[in-house]
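**Q** I have a structure I would like to understand better, so I am pasting it below and will then ask my questions one at a time.
Numbering (the numbering used here), first residue to last: 255 to 426.
Right, dumping it as structure tokens:
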């Protein structure tokens, strides 16, 4: 069951399950709260017989987890930039924004060089990268990234057609 909540106001129903007042939070059928996206993903991956998002083979696993870390870093930087947009701009904020944008740009360059690691069956890494690129499109569409990263753009166009990902594209 999906429950809409606003974590910025620390609603009691969220605090009952997650003292950090963060989303997402998953409450299992047994009533156990599992929170933060990486932990929820590992929990869900442990269920059922579907192909695993977290590969067992060590080299493949470390590649997937490293890609996930790069994607999480892109999202951390992009969300930080987004939160600063409505605030008065001063030299400190401009420096912060430039530093975060540079981190995103370096990460996109890395993914362009390592795009072969994204190919093949979906892993937690490739899904996280797709989510990060989708967020950049959603919140920073005025800062195009595809032209400078054509291989990454081609991969993203292809993976975005997968129904499971296409259904999650934000609207508005």
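C-beta atoms are modelled at their ideal positions from N, C-alpha and C, and glycine is treated no differently. The model shown is predicted, which means the values in this text are computed figures rather than measured ones.
Verify whether the separation of the beta carbon atoms of residue 309 and residue 323 is less than 8 Å.
**A** Against a cut-off of 8 Å, the Cβ pair of residue 323 and residue 309 comes out as no contact.
**Q** Helix, strand or coil for residue 304? Go by DSSP, reduced to three states.
**A** Here residue 304 sits in coil by DSSP.
**Q** Just reading off the beta strand (DSSP E) that residue 383 is part of, what are its end residues?
**A** No beta strand (DSSP E) contains residue 383, which is instead part of the alpha helix (DSSP H) from 378-393.
**Q** Beta strand (DSSP E) containing residue 407: first to last residue?
**A** Counting along the chain, residue 407 falls outside any beta strand (DSSP E), though it belongs to the alpha helix (DSSP H) covering 404-413.
**Q** Please classify residue 367 as buried or exposed, where buried requires at least 16 neighbouring CB atoms within 10 angstroms.
**A** The residue in question, residue 367, is exposed, as its Cβ has fewer than 16 Cβ neighbours within 10 Å.
**Q** Hey, how far is the Cα of residue 392 from the Cα of residue 336?
**A** Spanning the two alpha carbons is a distance of roughly 11 Å.
**Q** My guess is that residue 412 and residue 369 are in contact by the Cβ rule of under 8 Å, so how many angstroms apart are they, rounded?
**A** Rounded, the Cβ-Cβ distance is 11 Å, inconsistent with contact.
**Q** Measuring alpha carbon to alpha carbon, tell me which residue in 384, 372, 288 and 326 is nearest residue 274.
**A** The shortest C-alpha separation from residue 274 is found at 288.
**Q** State the start and end residues of the unbroken beta strand (DSSP E) segment that holds residue 319.
**A** Premise fails: residue 319 lies in the alpha helix (DSSP H), 312-338, not in any beta strand (DSSP E).
**Q** Taking the C-alpha atoms as reference points, what is the distance between residue 327 and residue 397?
**A** About 18 Å.
**Q** Run through DSSP, which three-state label would residue 341 get?
**A** In the structure shown, residue 341 sits in coil (DSSP, three-state: anything other than H, G, I, E or B).
**Q** Residue 361: which of 321, 340, 385 and 316 sits nearest, CA to CA?
**A** Nearest C-alpha to residue 361: 321.
**Q** Identify the continuous alpha helix (DSSP H) that holds residue 298 and give its terminal residues.
**A** Element bounds for residue 298: 291-299.
**Q** Within its chain, find whatever has a CB closer than 7 Å to the CB of residue 386; leave out the 5 residues flanking it on each side and keep chain order.
**A** Excluding positions up to five away in sequence, the list reads 325, 328 and 329.
**Q** Measuring straight from C-alpha to C-alpha, what distance separates residue 351 and residue 424?
**A** Those two C-alpha atoms are separated by around 24 Å.
**Q** What's the call for residue 263, buried or exposed, on a 16-neighbour Cβ count within 10 Å?
**A** Flag for residue 263 reads exposed.
**Q** Does DSSP put residue 274 in a helix, a strand or coil?
**A** Coil.
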